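Number of protein chains: 2
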Amino acid sequence: MASFHLCNSIANVNQTKTNLSLMLASSTSSTTTPIIKLNSNLGNQSISSKQNHIANHIDKSMEPSISSSTSIVPEFPLKIGIIGLGEFGQFLAKAFKRQGHNVLGTSRSDYSEYCQEHGIEFYRHVNGLCEAQPDVILICSSILSTEDVVRKIPFHKLKPNTILADVLSVKEYARNLLLDVVPEGFGILCTHPMFGKFSGKNSWEGLRFVYDKVRISENRIQERKCEQFLSIFQDEGCQMVEMTCEEHDRYAAESQFITHMVARILSNMNLESTPINTKNYETLMELTHTTVSHSSDLFDGLFLYNLNAMEQIEKLDRAFETVKQNLFGKLRSTLRTQIEEKVTIDTSADRPSTYFLPNSNNVTDLSSFSLVPKQGKQDASVELKTEVQHASV
Amino acid sequence: MASFHLCNSIANVNQTKTNLSLMLASSTSSTTTPIIKLNSNLGNQSISSKQNHIANHIDKSMEPSISSSTSIVPEFPLKIGIIGLGEFGQFLAKAFKRQGHNVLGTSRSDYSEYCQEHGIEFYRHVNGLCEAQPDVILICSSILSTEDVVRKIPFHKLKPNTILADVLSVKEYARNLLLDVVPEGFGILCTHPMFGKFSGKNSWEGLRFVYDKVRISENRIQERKCEQFLSIFQDEGCQMVEMTCEEHDRYAAESQFITHMVARILSNMNLESTPINTKNYETLMELTHTTVSHSSDLFDGLFLYNLNAMEQIEKLDRAFETVKQNLFGKLRSTLRTQIEEKVTIDTSADRPSTYFLPNSNNVTDLSSFSLVPKQGKQDASVELKTEVQHASV
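Protein sequences appear in the order of chains L and B.
For the first sequence, UniProt numbering begins at 1 and goes up steadily by one.
For the second sequence, UniProt numbering begins at 1 and goes up steadily by one.
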């Protein structure tokens, strides 16, 4: 219902009849096989095709396997420029460094100290970062600020074949934005690592990495850079899932957004630990805690920038209503039985009854559950009997 | 809102003005220290008092420790008569047998074969079970059928000092029912093992066992039986939590009922595995699966027979509404910004904009998210500008 109110409100704000001619930007995704043998295992393990989704299986017995001190120097290290050195940008930068790539970074805030400690070249402005001519520019800004970030990139400073990649949790929006802004010739790779600092703390083994080669030209340099960038995640043990941005957004709304929605609702209820927590309740509290520890900007972005999120809210709304009505129906029929019993059967101390349910005069505030009518049971039944018979006439 | 509709419906069904005199049955709980030294570790580890709730801590590193073949014969084994040999009754019977107690059982269905295999004396009727004079009668029926079960017990066949115990997930109801039906002299022990066949599959270590000695007389025989029965759970490693039935029901509604409610809602949504599940989404699916694998009778019982459940539904309802309104508010203000930008700023190809949000003419069906307006951008903006200015006059 609330969504209809929303539509009405929007209609009030905007009483216009515009006739914009819209079109969905066409995805120029290419799925060619890598030609150049990379210094990684990507050449041996072909990445799943869009048609064959990877089986949904995570090895439950996975153990921490990352040693942060281990650093492998690849034959041709990539120069990766990260825009946005927040938690997630830093989290990814560590893996890039661990695999021996060169990492540059820029951010709204000053991360020069952090970068110095972690072997990252820090640039105060995106201009400097682009002048250093990275192979891949990885946009790690929040969903809400990404358009602004992308529009400020000085593309003329980049070398040809540079790949623009993003890690947003919404992919149709990212694809359309990049297709609109990034000049022809540059590559576009949309990705979504389906994990973060909690789930990927010890290992990325078995964690899903979704990607869509939105616009990777068939020249060898861009192709090689793209495959090499993807191999970073493959080498960390990620389950590589290639799918279109549309598919991603549909699945993500059904899974990731619903998880965030449930966590935000439970967080709003201020769930507290009790002395009698069940294991499942503790799981629910933990899930709520880790999910809402992400910024509320992420949650807003998952809703505002994913076409399918509203449908999922409506589905959740209907499911909640169904479960409630089912329970309330049971309550009504139990009370009806209680009343009918009192009308048709003579009261007797030892016959089965439903006296332990709320009594009729206390029903409206539902505060009489579990009360035992110790006194006046007989009288009340007789009185109720009379009243109900009267009402049915 | 729905709860108010419910109240109205009930008011329609029952237009009576009864004046039942109700009273909450007083709990005659005793918290005496065990006098007799038991053949268990209960004598050494005193059970926590009602005032000191056990710290909420489960050892995460717990390992399976139960060997089903190990059987310890206690010095004075108890004779435990289980009424209701469903999944949970069987689950508990195994532990009683493992600890060397004598287990008798009766049930609506014929479990004679199962009982023969598991060393349980099966009785076709409750009369036979009572004639065998167990020390403890443990009621393991569903919430909905328990009143009927309790009223059919032939108490005159039992020996004095027999303890009537239950394991229902709602405790005020159980306490009031037992206090009403069980004759003076017999003991009443209300318990709730906060675990089941999933969470307690490998071990009960650290799992919570809630109990309330509702009516245990101070004579040594009844006291000893009670402590010995509790020691079974203590010896299995349970966290023993003594609290009143009222306290239990308040905490259980906040934790166990909310968990079941969320699981029932998500189950109603038919959550499905996607190729891009996050770890938290998989946790949510698993939690839903294990929770709804309990009978719907249990869920109905948790709602119908716990005074505090309705309040929790209302709280969940308000939280859902708050989260939705928060998101919808953000959507409205984003759209307002989009409209204002178009009105006040001249359109230009490279300025930051919010074109990637749904466009005004497609807003009502919310299906235009992430569409890139490739054509007619300039014209449409001009048209929109005119219309909005017109509307504001």
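Idealized CB from N, CA, C, for every residue including glycine.
For clarity, every value in this text was computed on a predicted model and none was experimentally measured.
| task | Tell me the start and end of each unbroken beta strand (DSSP E) in the stretch 88-120 of chain L that is at least 3 residues and wholly inside, in chain order. | result | 102-106
| query | What whole-angstrom Cβ distance do VAL126(L) and PRO154(L) have, given they're in contact under 8 Å? | reply | 7 Å
| query | Is any beta-carbon of chain L found at less than 8 Å from that of THR244(B)? | reply | no
| task | Identify the continuous beta strand (DSSP E) that holds LEU138(B) and give its terminal residues. | result | 136-139
| chain L partners of LEU168(B), CB-CB under 7 Å? | Those do not exist, as LEU168(B) stays about 11 Å from chain L at its closest Cβ, beyond 7 Å.
| query | Can you find a C-beta in chain L that's less than 8 Å from the C-beta of LEU42(B)? | reply | Model confidence at LEU42(B) stands at a pLDDT of 38, short of 50, so the residue's coordinates are unreliable and nothing is read from them.
| task | Would you kindly report the start and end of the unbroken alpha helix (DSSP H) that includes ILE232(B)? | result | 220-235
| Taking DSSP as the reference, what is the three-state secondary structure of ALA165(L)? | strand
| said: Just to confirm before moving on: does the CB-CB distance between PHE233(B) and MET240(B) stay below 8 Å? | reply: yes
| request: Note down, in chain order, each residue of its chain lying with its Cβ closer than 6 Å to the Cβ of PRO183(L), except the 5 sequence neighbours on either side. | output: PHE155
| field | Through-space distance from SER109(L) to GLY84(L), alpha-carbon basis | value | 9 Å
| Under 8 Å between C-beta atoms of ALA263(L) and LEU298(L) | no
| Beta-bridge pairing of HIS192(L) - partner residues as DSSP gives them | VAL210(L)
| In angstroms, rounded to a whole number, what distance separates the CA positions of ARG336(L) and CYS130(B)? | 34 Å
| query | What's the gap between the Cα of GLU172(B) and the Cα of PRO275(B)? | reply | 45 Å
| With DSSP run on the structure shown, which of helix, strand or coil describes GLU272(B)? | coil
| said: Going by the DSSP bridge assignment, what does GLY84(L) pair with across the sheet? | reply: GLY84(L) is not bridged to any residue.
| said: Less than 8 Å between the C-beta atoms of ASN176(L) and ALA252(L), yes or no? | reply: no
| request: With 8 Å as the threshold, decide whether the Cβ of THR201(L) is near any Cβ in chain B. | output: The residue you asked about is not Thr; residue 201(L) is Lys in the sequence shown. Not one chain B Cβ lies under 8 Å of LYS201(L).
| said: According to DSSP, simplified to helix, strand and coil, what is MET243(L)? | reply: coil
| query | So, do the stretch 111-124 of chain B and the stretch 133-147 of chain B have three or more beta carbon pairs nearer to each other than 8 Å? | reply | no
| field | Per DSSP, cross-strand counterpart(s) of TYR123(L) | value | THR106(L)
| request: Under 7 Å between beta-carbons, which chain L residues line up against ASN268(B)? List them in chain order, please. | output: ALA319, THR322, VAL323
| request: Under 7 Å Cβ to Cβ from VAL181(B), same chain only, skipping five residues before and after it: list those, please. | output: VAL150, ARG151
| request: Please report the residue range of the alpha helix (DSSP H) in which ASN280(L) lies. | output: 279-292
| query | Got a sec: is the Cβ-Cβ distance from ILE143(L) to anything in chain B below 8 Å? | reply | no
| query | Quick one: what's got a C-beta closer than 6 Å to residue 394(B)'s C-beta in the same chain, skipping five residues either side? | reply | Since the displayed chain B opens at 1 and closes at 393, residue 394(B) lies outside it and no answer follows.
| said: One question on the structure: do ILE80(L) and ASP135(L) come within less than 8 Å of each other, judged by their Cβ atoms? | reply: yes
| query | Should LYS213(L) go down as buried or exposed, given a rule of 16 or more other Cβ atoms within 10 Å for buried? | reply | buried
| query | So, does the CB of LYS330(L) fall closer than 8 Å to a CB anywhere in chain B? | reply | yes
| Under three-state DSSP, which class holds THR146(L)? | helix
| message | Counting only Cβ pairs nearer than 7 Å, list the residues of chain B close to THR334(L). | response | LEU304
| said: So with CB distances below 8 Å, who are the chain D contacts of ARG264(L)? | reply: In the structure shown, chain D does not exist; the protein chains are L and B.
| task | Locate the alpha helix (DSSP H) running through LEU302(L), then write down its first and last residues. | result | 296-304
| request: Could you tell me whether the Cβ of VAL214(L) comes closer than 8 Å to any Cβ of chain B? | output: no
| message | Does chain B have any CB closer than 8 Å to the CB of SER107(L)? | response | no
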